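Novice:
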Amino acid sequence: MIERKGTWVMQRNETMPSLSNVTLEISLKPFVDPREDAIRNIFTEVFRHWYSLLKYAETISVMFWIGDGSEIFEFRGDLDMAFEWGKWLGFANESYHVADEDDPHHESLVAWPRVYREDAPQFTYRKLKQLISVMKEVGAHLYPGKRIRAGATIDPGPEFVPSPFKYERHPEILWGEGHGEGGCGKNIDCTASFHADQEAYAGFPNGIPEGTSFGTFLGRQARLFMEALDFDYIWFSNSFGFGRCPYGFGAYGEFFDGTRFRHEGNRECAQHVMQFWYDFRHECPEHMIETRGTDFPVGLDLVNHATPYRELYEHAAQLRFVPPPNTPWSALTGNYGLAMAGYMSRIAAWPGAFPYRYYTSDPWWCNTPWLDRYERSPHDIYLNLAIAKIEADGTVSTPNRLSLLSIDDSWGHLPEELPDETIPHLKEAFATRPDAASPFIWIYPFAEYHQWTFEKCARIGEVYAGDLLIQEAINCGLPLDTVISSEAFCRLFEAGMNVIKPGTVLVCPFPDEGSDLAAALGNALETGCHLLLYGPSRFGCRRFRELLGIEPVAGELDGEFEVVGDGVVDRFVTGTVSG
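Note that my numbering has the sequence shown beginning at 6, numbered continuously upward.
1. Please report the straight-line C-alpha distance between residue 94 and residue 166, rounded to a whole angstrom.
2. Per DSSP, what kind of secondary structure is residue 402 in: helix, strand or coil?
3. Could you check whether residue 212 and residue 202 sit closer than 7 Å to each other, using their CB atoms as the reference points?
4. Give the list of continuous alpha helix (DSSP H) stretches no shorter than 4 residues that lie fully inside the stretch 438-481.
5. For residue 225, which of helix, strand or coil comes out of DSSP?
6. Kindly identify the DSSP beta-bridge partner or partners of residue 387.
7. Among all the DSSP beta bridges, which residues are the ones paired with residue 97?
8. May I ask you to report which of helix, strand or coil DSSP gives residue 394?
9. May I ask you to verify whether the stretch 339-352 touches the stretch 473-483, counting CB pairs closer than 8 Å and requiring at least 3?
10. Mind checking which residues open and close the beta strand (DSSP E) that includes residue 489?
11. Going by the CB atoms, is the gap between residue 143 and residue 49 shorter than 7 Å?
12. Do residue 225 and residue 288 have their C-beta atoms within less than 7 Å of each other?
13. Report the rounded CA-to-CA distance for residue 235 versus residue 349, giving the unit in angstroms.
14. Relative to the C-alpha of residue 431, which candidate in 387, 198, 469 and 465 has its C-alpha closest?
15. Return yes when the C-beta of residue 507 is under 6 Å from any heavy atom of the ligand PLP, and no when it is not.
16. So the candidates are 397, 333 and 443; which of them puts its Cα closest to the Cα of residue 367?
17. Per DSSP, what kind of secondary structure is residue 260 in: helix, strand or coil?
18. Measure the alpha-carbon distance for residue 309 versus residue 261 and round it to whole angstroms.
19. Once DSSP output is grouped into helix, strand and coil, what is the label at residue 32?
20. Rounded to whole angstroms, what is the Cα-Cα separation between residue 315 and residue 277?
21. Tell me which residues share the same chain as residue 220 and place their Cβ nearer than 6 Å to its Cβ, disregarding the 5 neighbours each side in the sequence.
22. Alpha carbon to alpha carbon, what distance is there between residue 193 and residue 445?
23. May I ask you to list the residues that DSSP assigns as paired with residue 155?
24. For residue 469 and residue 558, what's the separation of their Cα atoms in angstroms?
25. Would you list the residues sitting across from residue 61 in a DSSP beta bridge?
26. Tell me residue 87's beta-bridge partners as DSSP assigns them.
27. Return the residue from the list 138, 238, 61 and 119 that minimises the CA-CA distance to residue 150.
28. Would you tell me roughly how many angstroms separate the C-alpha atoms of residue 458 and residue 312, rounded to the nearest one?
29. Going by DSSP, name the residue or residues bridged to residue 363.
30. Using DSSP with H/G/I as helix, E/B as strand and the rest coil, what is residue 546?
31. By the 10 Å Cβ neighbour count, where 16 or more other Cβ atoms means buried, how is residue 86 classified, buried or exposed?
32. Within 10 Å of its beta-carbon, does residue 196 have 16 or more other beta-carbons around it, so buried, or fewer, so exposed?
33. Apart from the five residues just before and just after residue 92, which ones in its own chain have a Cβ nearer than 6 Å to its Cβ?
34. Report back the beta-carbon spacing between residue 164 and residue 97 to the nearest angstrom; my notes put them in contact at under 8 Å.
35. Pull the bridge partners of residue 296 from the DSSP assignment, please.
36. Enumerate in chain order the residues of its own chain whose CB-to-CB distance from residue 569 is below 7 Å, with the five nearest sequence positions on each side excluded.
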């Protein structure tokens, strides 16, 4: 953007930027014909379909949705051993129960597992290794000079393949219940430990000793699996590693049940989650980790699951992981406020560049979002790629990594419509990416929320309520797409950097009396910025309370209240509060 007489004017940037990485996500369903020439033809088609996007990538990755990670758990080192893979439509494990009276003929596309085709092939580890080898060979030939990577995946839940390892032999590593409030059945608890197992695994030829941590087991198995098959990195799917078992709970969690906050034990839980990461990294020190994260903003994760974001981010260089991108949930729920608030809250304090992921198709659930859920509308591309982060040095960061979930559909087809129709919008959105802060900036209280969750726990409700409020404000039309952490914001004003223009509206929780944030906001106010404060003021800076003409109410406010406003409510069809 450029400034003209105190206003903002869009300055078009025609340049498609170089991306550090583009990932094409694919299942094994397209690879019905085992002949090498057939495999080569598929990867040639894939790389040519997406050429006008891949040519801008420094690294090209193909991430294989093989199963749910059971192929890693069960790996014995024998490449001729067959493994269970994701050949299913719908929930592969029968844990997504639909009552017979609701679906008497078992017609649900989601609840009942079906094989995607009658002649579904069998896969061995050797055949999988061949796929990876041919993919890298074709990629190197078509894109000389670019790094070509292969990614493995692990999912904690019951969705993708039947898993005797998880659901029969080792139920002690599972946690969570049914599907209330969006929870996805029993999932792996990343902090769990094993009971003894006498089976011979690649990393445990004499069996799994009693008490072995899941992080130790997974790290060793993953390293040997990836080394044997030439994978370059691993993807932690569906909240894995961002709490004990977030995907098993949905909207709530271990420390908040929807009515009561329970902070007791949350610090210990966060430490146990960090220990999982350390155990994994001890056993698997070289392969990069990429992450899906949860579907919710940081504040909700802190309250629900004691997710140790601060420690994860502080140790990011040691742990060598890529932060979570935006959630794909908005295609399913229409809750774009949740998606955008979650995305901004996660990147606010992340030290460096961050990824973007787009939900083009789906190899499991019989839908292709670009064609059906989005109905070919590119709005979710432009919404997320309009998001920017302001760094502590004043620079503006935008996504520099792109993942496409997925390039095949649930029946193993490779729809040409996906690259033909989405690439022009992706290139346009990247080309017109933000190059300056927007008129509204969210000052995200990353440090404060951690303090209120784990130390000053009496304020834990403010953490949940604050992110929920911003989510709904965006749903109701608040044009918020730039974020900066509160600590970075304070450093900007301490250094006297004038990167935030006069007239900017700073959206921020009410700052505490005597805090660095209150001082920095006071300076911003004097330079011509505007403040839009939210949340309780009982601990708030007296100066701002006086400017607003408010005094905190003694005691807690609890219950239902009638809100009286003098203005005219702006009602419009798609801006209602999400239900």
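For glycine and all other residues, C-beta sits at the position ideal for the given N, C-alpha and C. Being a predicted model, the structure only gives us computed values, none of them experimental.
Specialist: Reading it off the structure:
1. Between residue 94 and residue 166, the C-alpha separation is close to 10 Å.
2. Residue 402: strand per DSSP, three-state reduction.
3. In this structure, residue 212 lies closer than 7 Å to residue 202 by Cβ.
4. Those alpha helix (DSSP H) runs which fall completely within the stretch 438-481 and span 4+ residues are 451-459 and 465-480.
5. Correct three-state label for residue 225: helix.
6. Looking at the DSSP output, residue 387 shares a beta bridge with no other residue.
7. DSSP output for residue 97 lists no bridge partner at all.
8. Assigned with DSSP and collapsed to three states, residue 394 falls in strand.
9. Three or more beta-carbon pairs drawn from the stretch 339-352 and the stretch 473-483 are found closer than 8 Å, and the two stretches are therefore classed as touching.
10. Start and end: 487-490.
11. Yes, the Cβ-Cβ distance between residue 49 and residue 143 is below 7 Å.
12. Yes; because the gap between Cβ atoms is below 7 Å, this pair is in contact.
13. Between residue 235 and residue 349, the C-alpha separation is close to 34 Å.
14. Across the set 387, 198, 469 and 465, the C-alpha of 387 shows the shortest separation from the C-alpha of residue 431.
15. Absence of the ligand PLP is noted for the structure shown, with no ligands found whatsoever.
16. The shortest C-alpha to C-alpha distance from residue 367 to any of 397, 333 and 443 is the one to 333.
17. Three-state result, residue 260: coil.
18. Distance from the CA of residue 309 to the CA of residue 261, rounded to the nearest whole angstrom, comes to 5 Å.
19. Correct three-state label for residue 32: strand.
20. So the two alpha carbons sit approximately 14 Å from each other.
21. Cβ within range, chain order: 281, 284 and 285.
22. Taken atom to atom, the span from the alpha-carbon of residue 445 to that of residue 193 is near 40 Å.
23. DSSP output for residue 155 lists 67 as bridge partner(s).
24. If you take the alpha carbons of residue 469 and residue 558, they lie about 21 Å apart.
25. Residue 61 is not bridged to any residue.
26. Looking at the DSSP assignment, residue 87 forms a beta bridge with 129.
27. Of the candidates 138, 238, 61 and 119, the residue whose Cα lies closest to the Cα of residue 150 is 61.
28. Residue 458 and residue 312 have their C-alpha atoms some 10 Å from each other.
29. Beta-bridge pairing links residue 363 to 409.
30. When secondary structure is reduced to three states using DSSP, residue 546 falls in the coil class, being assigned neither helix nor strand.
31. In this structure residue 86 is exposed. Its beta-carbon is surrounded by fewer than 16 other beta-carbon atoms within 10 angstroms.
32. Here residue 196 is buried: its Cβ has 16 or more other Cβ atoms, across all protein chains shown, within 10 Å.
33. 120, 121 and 125.
34. Contact holds; Cβ gap of about 7 Å.
35. Per DSSP, 241.
36. Around residue 569: no qualifying Cβ.
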